[in-house]
């Protein structure tokens, strides 16, 4: 079970703003930019000396996003573990920070009495993460964070209308809502919803049906593309 699409985006906002510590460092130049490596390359070059998390917050790992440093609790870094999440990234890779272009943050969606929360790997939810790393699991997901210019257009909604998508009443004041239920012979179950948020932190949330034949049931997935505090978050 996962939260509603707009709830996911609000969780992203809170998540980026409260969980991570971000600081500016020296401006990126050609020399430092050449040193930037992908997350996978960083994984291959670094050590894995931290123990398995108990709460997910015992250690932090620092990453350098082209001039902005982000300090991340290591329980959110399940994608960067070895041996089925038994070996975790070391705090210090022999340099000030891991130099990267993007990072994949793995979170577990948990519903509490106070609402939904995004949890890191811990001893209570570890089985979900291990299955996620092996086979994929709907209640665990990746949040991909990039340090680049926002690519979301302020005319997203208007562009959808040119493709035959219909605007509909929105239950969420901050969002414009659109429905795409065009007749597509090769996929009669095609059905998509779009929720668009404009302004300082724009976002587009897409909710679509994966069903492709009569024998299946409706099965909806959700994706979020957003710009939050100078980062592209998906």
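In mature numbering (1 follows the signal peptide of the UniProt record, and there is no 0), the protein residues as written are -21 to -1, 1 to 213.
Even glycine gets a Cβ: it sits at the ideal position worked out from N, Cα and C.
Notebook entry, point to check: Rounded C-beta distance between residue 59 and residue 38? I'm assuming under 8 Å.
Noted result: Not confirmed; about 13 Å, so no contact.
Next item on the list: Quick one: grab the DSSP three-state call for residue 186.
Entry: strand
Next item on the list: Using alpha carbons as the reference points, say which of 172, 50, 209 lies closest to residue 203.
Entry: 172
Margin query: On the DSSP letters alone, give me the boundaries of the alpha helix (DSSP H) that residue 137 sits inside.
Written below: 135 to 140
Check: Span of the alpha helix (DSSP H) holding residue 146?
Finding: It is not in any alpha helix (DSSP H) - residue 146 instead sits in the beta strand (DSSP E) that spans 145 to 147.
Next item on the list: Take residue 200 as the anchor and find which of 208, 92, 190 has the nearest alpha-carbon.
Entry: 190
Check: residue 196: which of 169, 49, 43 sits nearest, CA to CA?
Finding: 169
Note to self: Quick test of your reading: residue 88 and residue 120, contact by CB under 8 Å. State the CB separation rounded to the nearest angstrom.
What the structure shows: 7 Å
Notebook entry, point to check: How about residue 81 and residue 68: do their beta carbons lie closer than 9 Å?
Noted result: no
Next item on the list: Inspect the CB distances between the stretch 94 to 105 and the stretch 31 to 48 and report whether three or more fall short of 8 Å.
Entry: yes
Margin query: Just to check my reading of the structure: residue 84 and residue 122 have Cβ atoms closer than 8 Å, yes? What is that Cβ distance to the nearest angstrom?
Written below: 4 Å
Next item on the list: Using 10 angstroms around the beta-carbon of residue 180, count the other beta-carbons present and answer buried if the total reaches 16, otherwise exposed.
Entry: buried
Note to self: Taking a contact to mean a Cβ-Cβ separation below 9 Å, would you say residue 27 touches residue 77 in this structure?
What the structure shows: no
Item checked: Minimum C-alpha distance to residue 30 - residue among 165, 44, 64 -> 64
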